[in-house]
Amino acid sequence: MSQHSLDLPPGLAYDGPLVEAANGGGENDWVKYDKVKQYTNAWNGFGGKVDPEETPVQAAVRELQEEAGITAPLRQCGTLFFVVDGVDTAFNISVFSAYEYTGTITESEEMRPEWFSIQRSMLPSHYPLTTLDHGEASETLPPVPLQTMWADDEFWMPLMFARRYFVGRADFGADNKMRRWWFAAEPSPA
1 MSQHSLDLPP GLAYDGPLVE AANGGGENDW VKYDKVKQYT NAWNGFGGKV
51 DPEETPVQAA VRELQEEAGI TAPLRQCGTL FFVVDGVDTA FNISVFSAYE
101 YTGTITESEE MRPEWFSIQR SMLPSHYPLT TLDHGEASET LPPVPLQTMW
151 ADDEFWMPLM FARRYFVGRA DFGADNKMRR WWFAAEPSPA
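Heads up: the sequence shown is residues 1 to 190, going by our numbering.
Structure, rendered in structure tokens:
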């Protein structure tokens, strides 16, 4: 993991120090697209398109309310850029997180919210703001189902749980298999 000046893959921008967290799938053979759509995403689920008059965080707040019936003090914790073979546009995704919410979590036409426990392997052992404590019910919750999520999630979710801002790019084949990936995050707190 290097903290020297990193060459970001096409489609990503970040103005600060980064430490490379994952890089795989081949040499710099990134596919380039001229068209970019803006999407929001909150933990591989809640999210959708940013309307023309919205900022990404406004869209994330709206989508969370529409899809789960809750409001939360969202903060942007990362940016993802996806390219999929055979799709004419790339996906620029702002990732948000929250550690509290108000309202009653409700199933919608778009989502069936479900709680999962965070595997210890996905949490940093040295960062006191991250915890495994989800209350008494945490022992009965299933683990985050990485095997049925997008392949890139295993790289950026631990960075999100560590509360480290991250950027990442993943190129997927038409079969949705990840072909090339790169992720970096702000350096760990001292």
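Even for Gly, the Cβ is constructed at its ideal location relative to N, Cα and C.
Bear in mind the structure is a predicted one, so any value in this text is a computation, not a measurement.
For the pair residue 122 and residue 189, the Cα-to-Cα distance works out to about 17 Å. Comparing alpha-carbon positions, the option among 87, 116, 164 lying closest to residue 142 turns out to be 116. Less than 8 Å separates the beta-carbon of residue 96 from that of residue 57. Residue 181 places its beta carbon less than 8 Å from that of residue 22. Counting only residues of its own chain and dropping the five nearest sequence neighbours on each side, residue 86 has a CB closer than 8 Å to the CB of 174. Put simply, the stretch 60-73 does not touch the stretch 153-173. Fewer than three CB pairs are less than 8 Å apart. With a beta-carbon spacing of about 7 Å, residue 78 and residue 167 fall inside the 8 Å limit used to define contacts. Taking a C-beta distance under 8 Å as the contact criterion, residue 169 and residue 12 qualify as a contact pair. Rounded to the nearest whole angstrom, the C-alpha separation of residue 165 and residue 90 is 21 Å.
In this structure, the beta-carbon distance from residue 67 to residue 100 does not fall below 8 Å. Distance from the CA of residue 114 to the CA of residue 105, rounded to the nearest whole angstrom, comes to 9 Å. Per DSSP, residue 60 is one residue of the alpha helix (DSSP H) stretching across 56-68. Beta-bridge partners of residue 76 (DSSP): 96. Residue state for residue 109 is assigned as coil, using DSSP reduced to three classes.
Assignment of beta-bridge partners to residue 117 by DSSP yields 143. Taking residue 83 as reference, the option from 186, 10, 187 with the minimal CA-CA separation is 10. For residue 148, the three-state secondary structure derived from DSSP is helix.
Scanning 103, 88, 118 for the CA closest to the CA of residue 145 turns up 118. Counting the other Cβ atoms within 10 Å of the Cβ of residue 108 gives fewer than 16, which makes it exposed.
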